[in-house]
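Chains A and B, in that order, are what the protein sequence lines are. 229 is the number that the numbering used here gives to position 247 of the first sequence; each next residue is one higher, with no gaps. Numbering-wise, the numbering used here comes out as the position in the second sequence, counting from 1, plus 2. Here is the structure we will look at, set down as structure tokens.
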Amino acid sequence: MSPLLELRSVSKRYGGLKALHEVSFDVQKGTVFGLLGPNGAGKTTLLRLVTGILGPDSGSILLNGQIARGKVLSRIGYMPEERGLYRKMGVSEQLLYLARLKGVESALARQRIARWLERLQLSEWAKRPIEDLSKGMQQKVQFISTVLHEPELLILDEPFSGLDPISSQVLSDELDMLRQAGTTVILSTHRMEQVQELCPEIALLHRGRLLLHGFVKQIREQYKRHLFEVEYIGEPGALDHSGFEVLEQSEERLLVHLEPGFSNRDFLSYLLAQELELRSFREILPPLNEIFIQLIQESSAHA
Amino acid sequence: MHKIWLIIMREYITRVRRPSFVLLTLLTPVGMATVILLPLLLFNLDRETQRILVLDESGLFSDLRDTTGIYFSFDQSGMNRDSLEDRYEEMGYTAFLYIPRMRSGEPRGLELLGPRQISMATKYYVESVLESSMERINLQRLGLEPLQHRIRPNIDLETGITGKGRHRQQGNAFAATVVGYIMGFSIYVVLLIYGTMVMRGVVEEKSNRIVEVIITSVKPFQLMMGKILGIGAVGLTQFSVWLILGAVVQALLGLLFAEEMTRFQLITRDEGLESSAEIGRMARAYAGFQGLPLMRLFAVFGFYFLGGYLLYSSLFAAVGALTNDDGGDSQLYVFPVTLPIILSIILMIFVIQHPNSRMAFWASIIPLSSPIVMPARMPFIGVFNEEVALSMGLLVLGFIGSTALAARIYRTGILLYGKKIRPLEVWRWLWHR
């Protein structure tokens, strides 16, 4: 299957500043793709290039195999980090305006607006001006405005910033629904726990370069440090073996590091030989956060 | 094209349906009328009253002509100058005029004294009254008084337009000046009011952060032009309402004062009719307005209204795009845009007095000042000549150029948040691809 979005050696400069340098990666159809990086890494620039707000200096961006510009762009829905609405305009009037700018016909747009407002429990607010709504409700309206033209590719830049936990959950659920319906999502965020939870695949930008790209599972596997956590009931004897090192030990919990050549299978059989009742046994994969901090520090040290 | 239309409609409808728009449109003429009429009204209600006690030691003046607010009384008490100077206030006067004995008719040593500074207006009036009285006295002494009107006749100069290849027509300097002023001043107001409205609209979109959402659907240029055209339509609506209101008021006045109007028009038409000088002058002024090429002036007004608006509003849009959240920087950029507008209105005042000077020519050619100066000058030019064509052509080039420049600033500026934008940086955007 050909990817939905392809970036080929995309570069962009602002004056003397290299905002993006030779960035290439693909985003497959139907996935939730995480775009990550510290502030100033070039995420917003990348998204502005994909949405056609800016043009690349070199390289190409393809959407469904076509160069991303003109009509092709109407298949994208973009919620920028710096987002907002006309404060004095009514909710549904504003949604209608934005949908029609995206090329949705008036009657169809009205139908979809009614459906979405109903779904996100905003129907009563349809005629009220945006400034009367709470911040969470405004964010919901913003989200609706992004999906009204039923885009194939949904790009959300820091969608969770400023959301309370309940609204965050609503948004996660909606994203999940859209993904199941076949929408591809690119999520740019700082919040790693959400990325780990929502995105199977990610790309990490740092100083305009692509530092890391791949599936979260594989990346964590790749950077694993052979740490295992064991929970048990009983009194372990002296745990001493050349195959592993005990890092932490408390009453019912054990954290160990396995030396190379000593597999988890070996460790498990060693444990079973002890007089212990095992409750859990699991490998601790490093959280993305740690991997990123490590990578960024290394890359900064090289530079 | 379809999208730009959506933007125009939004800009137009959201503004026109606001209660404040309706109120402002209806109240502005009332406000303008108040600004013009109130000072006149107040001036007539309360003026300084000077009661001047006159001691005429020369014995030449039998009476001096009073005017509203200035009344002369000759001293009957026979007191001398010093005691009158001490006592004129007790006697109920506000000033004391001393006319000494004159040797060989030379008026020297005349004094006007008051408890405070005498105003310029009073000084000039008393001087002119004394001068014309002296003139009459001298004529009398020479026995020429019956010939006064022949010595200094009242001349009312007729002006006209003629020359080789020109249709000879009656001139109307007064009407041309009034109409010129009104047209130039109206465009000045249009540029400032609607230009600022465009700027505020752009600032609003930028600080609302909706602009980035919208430019994923339309090009920045479309968004800018949609806003400019939409607000331009608001301006046209407002002006149309004022024109219609004006016509209605005139029609109502016509109905209410039908009789007076007919008489007035009769005088206008039949110049042979005997009438007082005052009415004759008014009638001629009225005829002067009718003699102006009104349709042509209206067309010129419309052209410069639109051209000037397009030129300046795109610049105002660019300034709006450079504004930061704190709004502090915008002053730096607003100034260079408002400066030529204010200079133009100053130039216009000069040009109306010297409509054929070289300054008038250049000011009505250069696109930055032509939108205000040319309409003001048009009643004096009267026809579409090469000069007017040149000015119009340059204005078209001017607004195409300014829109192109503004678009470059706009498309970059609207995406920069929370960052100070330096003039040098803006300069680079203009010339980089």
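Backbone N, C-alpha and C define an ideal beta-carbon position, used for all residues, glycine too. Computed from a predicted model, the values in this text were never measured in an experiment.
Closer than 9 Å to the CB of Y412 (chain B) there is not a single CB belonging to chain A.
Here R53 (chain B) carries a strand assignment [DSSP, helix/strand/coil].
If you draw a 10 Å sphere on the C-beta of A283 (chain A), you find fewer than 16 other C-beta atoms in it, and that means exposed. When B:G322, B:Q355, B:P342 and B:S366 are compared, the shortest CA-CA separation from Y412 (chain B) is found for B:G322.
Counting C-beta pairs closer than 8 Å gives three or more between the segment 89 to 103 of chain A and the segment 71 to 81 of chain A, which meets the contact rule. Using beta-carbon distances, S22 (chain B) does not count as an interface residue toward chain A, since no partner is under 9 Å. If you ignore the 5 residues before and after G196 (chain A), its C-beta comes within less than 6 Å of no other C-beta in its own chain. Positions of the beta strand (DSSP E) runs, each at least 3 residues long and wholly inside the segment 8 to 50 of chain A, are given as 14 to 18 and 40 to 45 in order along the chain.
The DSSP-derived three-state label of K0 (chain A) is strand. Look at the segment 64 to 79 of chain A: the residues with a C-beta under 8 Å from a C-beta of chain B are E64, R65, G66, L67, Y68, R69, K70, M71 and Y79. Per DSSP, the continuous alpha helix (DSSP H) segment holding A406 (chain B) begins and ends at E388 to G415.
Counted as a single uninterrupted DSSP element, the beta strand (DSSP E) harbouring Q231 (chain A) occupies residues F226 to Q231.
Taken through DSSP and simplified to helix, strand or coil, V5 (chain A) comes out as strand. Per DSSP, F197 (chain A) is not a residue of any alpha helix (DSSP H); the beta strand (DSSP E) it occupies stretches across R191 to F197. Note on geometry: alpha-carbon atoms of L160 (chain A) and L193 (chain B) lie some 49 Å from one another. Taking C-beta atoms under 8 Å as the contact rule, L231 (chain B) and I10 (chain B) qualify, at a distance of about 5 Å. When Cβ pairs closer than 8 Å are counted between the two stretches, the segment 65 to 73 of chain B is seen not to touch the segment 30 to 45 of chain B, the count staying below three. When rounded, the separation of the alpha-carbon atoms in A97 (chain B) and L149 (chain B) is 35 Å. According to DSSP, residue pairing for R235 (chain A) in a beta bridge involves A:E213. The alpha-carbon of L115 (chain A) is positioned some 8 Å away from that of W107 (chain A). Fewer than three Cβ pairs drawn from the segment 222 to 241 of chain A and the segment 267 to 276 of chain A lie within less than 8 Å of each other, which leaves the two stretches out of contact.
Chain-order list of chain A residues neighbouring T325 (chain B): empty, with the shortest C-beta distance near 15 Å, by a criterion of under 9 Å. Restricting attention to alpha helix (DSSP H) runs no shorter than 4 residues, the segment 336 to 394 of chain B encloses them at 360 to 365 and 372 to 383, ordered along the chain. Residue-level contact check: P62 (chain A) touches chain B, since one or more beta carbons of chain B fall below 9 Å from its beta carbon. Between the alpha carbons of I195 (chain B) and I58 (chain A) lies a gap of roughly 38 Å. Listed in chain order, the positions of the segment -13 to 19 of chain A with a beta carbon within less than 9 Å of a beta carbon of chain B are G(-3). For a Cβ distance threshold of 8 Å, nothing in chain B lies close to R94 (chain A): the least Cβ distance comes to about 16 Å. Scanning chain A for C-beta atoms nearer than 9 Å to the C-beta of K5 (chain B) yields R82, L83 and G85, reported in chain order. Those residues of the segment 113 to 127 of chain A placed with their C-beta closer than 9 Å to a C-beta in chain B are Q124 and S127, ordered along the chain. Three or more Cβ pairs drawn from the segment 287 to 303 of chain B and the segment 380 to 393 of chain B lie within less than 8 Å of each other, which places the two stretches in contact. Within the segment 134 to 203 of chain A, the alpha helix (DSSP H) runs of at least 4 residues that lie entirely inside it are, in chain order, 147 to 162 and 174 to 180.
Counting along the chain, the unbroken beta strand (DSSP E) around L99 (chain B) starts and ends at A97 to I101.
Rounded to whole angstroms, the separation of the alpha carbons of I217 (chain B) and V205 (chain B) is 15 Å. Counting only runs of at least 3 residues, the segment 73 to 129 of chain B fully encloses the following beta strand (DSSP E) elements, listed from N- to C-terminal order: 97 to 101 and 113 to 115.
Not flagged as an interface residue toward chain A: R424 (chain B), since no C-beta distance is shorter than 9 Å. Residue contact check for R30 (chain A) against chain B: a CB pair falls below 9 Å.
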